[in-house]
Structures are given as C-alpha cells and as structure tokens.
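K.L.:
Got a structure for you, written out below as structure tokens; questions coming shortly.
Numbering (the working numbering), first residue to last: -10 to 306.
Okay, here's the thing in structure tokens:
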C-alpha cells in the first residue's frame, strides 16, 4: 500500500533567501526574480509555495511596478508530474489562500498573465501544462480575456527607411496624446480597450486609464514618442517607443479611424523601431498584439518581427 500523501502546507517565502525553494518549479521568467526582489518589483510576502514535506507542488507570485500594490499575477506553476485531481486541488488551494493574503480586501484581483510556447495547442505536453493552469483559474472565477502574440525585432534585421509619406514630431504632452488616443479607442481591436469600453467607460476615459496605468510609468525619454501627420498637418496616428524594466518595447501604436487601412501602420511601426534601434546596445525590441488584431500582426511580420512566444490574460469580473 502506498503511503498517504503528506499534509499540504501553503505559505509565503520567509525572505529572499528562499528564492531557491521557489525555483524548484520553473518558468521562463525565473531569471528575473532576483533582480525584481532587489529592485522592489516583487516582495517575498507576494511569493507563495504549496509544499508536501520538502516538495514544492505549486507556487504563485505577483509583480508590481513600484512594490506598493500587486499589479499582475504572473507566476502560477504546478508540479505537472502529479495526477489530477491532486495537481489542480493543490493549485486551487494555493491560489485562494495566497490571494486572500496578498490582495487588499475590497481591491480588484490583478489579472493573470502567462507566457506560453507559440505552438502550445499542437504540442500535447505544452497543452497539458497550459490547460491545467487555465482550469484552476476558471474554478476560481476567472475567465479568458485574450491571447496575444509576443514579438521580437532582433539587431541586424533591416529597418525600412522613412517612406516620406508622413511627418513625425514628438508628442506634445499628455493632452496632445490623449486627443489622438481617444478616437483610436473607437473601433479598437485591442481586447483590454474593448473591455474598458464594455464596462461603461467613454473612449476618453478608457484612453486616460491606459495612459495613467501604463504609459505614464515609462521613465525613458518622452521625446521618443511620435505623432505622425500628413504633409498638410492632419494627424494619422502615433507610436510609443519606450523601455520597460527589462527590454526596449513598442508600448503602444494607433492609427486614427479615418486613416485605417491605408498602410500607415507600417510607417508608424518603422518609426518606433528606428527610434529604439538607434539607442546604444539595443539587441532586441519586444512588442505584443492580440491574436485577433490581424492588421497589426501582419505589420509586425512585414517589419521583420519574429513571433517567439504567445501570452494569455485572464481576469476576474
């Protein structure tokens, strides 16, 4: 007769010294954890494990830009050698107990984001890993919001010269950009923007939310941000090249509704790529777009960006 499984212990890390314990399970972001702890983007009390004896059977962690409030649930791993339902039950208990302790009472639960292989649906092993986590999240009340392509421009990839069709100028400030972001929100293919509009926010309010929660947090020069105009002065869109805590990124790109479908997206993406590629030591530029945003995905492909990974986001209503 097999011995009874050991009691499940669920607890936070006792300090950075337990990082090795946390890393007994693995994920693609493991190599960022030590620096995140040092910088304050993560805190040990936001990093939890589920243990059977000395064996880590599940782990979970949240990330923040400034270490004050958890903004994103980005680590949730299970011991995939365990059978079901044991694997799922351990994960669900960890998720519920850790969330109750980490997320302030009454605050919305941060969305869950995970990076997955680009072919995860075709690879049975990868599919099992992804779907096991989705099942636990769904049992906790989460739903899938969007699946995204993660893309990368690599040093040495040609960048098209300026076509001359547009004039580019730096963004003049928050109000200047919001005046363009607002109409771009109308008819957007971005799932997060669509969700904001569906929640009752106006296009202006959704644009302000996106600016304040994401764009305002970038510390790289605002002079990199570009507005594109026709020779007569009519604005057709904008691109936000920036650098986050880890990589140069195309943070946001948009074409005004009346100028969509005219190829200007390629001009904007090329300008943003030129700005970042001109900086010292840039080996890669990262970007992402929703799986359903086919025009944007095709533009990245034309510019030589490689789809190296996918990601999905789940939310709690």
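Even glycine gets a Cβ: it sits at the ideal position worked out from N, Cα and C.
Would a C-beta distance cut-off of 7 Å place residue 99 and residue 67 closer than the cut-off?
P.N.:
Cβ distance not < 7 Å, so residue 99 and residue 67 don't count as in contact.
K.L.:
So what's residue 69 in DSSP terms, helix, strand or just coil?
P.N.:
The answer is coil: DSSP assigns residue 69 none of H, G, I, E or B.
K.L.:
Cα separation between residue 252 and residue 136?
P.N.:
Answer to the nearest angstrom: the Cα atoms are 25 Å apart.
K.L.:
Beta-carbon within less than 8 Å of residue 297's beta-carbon, same chain only, minus the 5 sequence neighbours each way: which residues are those?
P.N.:
Here the set comprises 107, 139, 140 and 141.
K.L.:
What separation, rounded to the nearest whole angstrom, lies between the Cα atoms of residue -1 and residue 206?
P.N.:
Whole-angstrom Cα-Cα distance: 33 Å.
K.L.:
Tell me where the alpha helix (DSSP H) around residue 220 begins and ends.
P.N.:
Note, residue 220: premise wrong, no alpha helix (DSSP H); not H, not E.
K.L.:
Drop a sphere of 10 angstroms on the beta-carbon of residue 288, count the other beta-carbons inside from all chains shown, and report buried for 16 or more, exposed for fewer.
P.N.:
It counts as buried.
K.L.:
DSSP puts residue 106 in a beta bridge; with which residues?
P.N.:
The partner list for residue 106 (beta bridge, DSSP) is empty, contrary to what the question assumes.
K.L.:
By the 10 Å Cβ neighbour count, where 16 or more other Cβ atoms means buried, how is residue 1 classified, buried or exposed?
P.N.:
Residue 1 should be labelled buried.
K.L.:
Identify every residue that forms a DSSP beta bridge with residue 47.
P.N.:
Partner(s): 39 and 67.
K.L.:
Please tell me whether residue 17 and residue 51 are closer than 7 Å, where the distance is taken between their beta carbons.
P.N.:
Contact flag unset, no.
K.L.:
Between which two residues does the beta strand (DSSP E) harbouring residue 1 extend?
P.N.:
-3 to 1 is the extent of the beta strand (DSSP E) around residue 1.
K.L.:
According to the neighbour-count rule (16 or more other Cβ atoms, all chains shown, within 10 Å of its Cβ), is residue 113 buried or exposed?
P.N.:
So residue 113 ends up on the exposed side.
K.L.:
Report the three-state DSSP secondary structure of residue 278 (helix, strand or coil).
P.N.:
Strand, per DSSP.
K.L.:
Could you spell out the range, first to last residue, of the alpha helix (DSSP H) harbouring residue 118?
P.N.:
First-last of the alpha helix (DSSP H) with residue 118: 113 to 128.
K.L.:
What first and last residue would you give for the beta strand (DSSP E) that runs through residue 302?
P.N.:
295 to 305 is the span of the beta strand (DSSP E), which, as asked, contains residue 302.
K.L.:
Could you check where the alpha helix (DSSP H) with residue 264 kicks off and where it finishes?
P.N.:
Residues 253 to 266.
K.L.:
Could you tell me which of 186, 204, 83 and 222 sits nearest to residue 156, measuring between CA atoms?
P.N.:
The shortest C-alpha separation from residue 156 is found at 222.
K.L.:
Around the Cβ of residue 256, are there at least 16 other Cβ atoms within 10 angstroms (buried) or fewer (exposed)?
P.N.:
With 16 or more Cβ atoms within 10 Å of its Cβ, residue 256 is classed as buried.
K.L.:
Any idea if residue 241 is buried or exposed, counting beta-carbon neighbours within 10 angstroms, 16 or more meaning buried?
P.N.:
Counting Cβ neighbours within 10 Å, residue 241 comes out buried, since at least 16 surround it.
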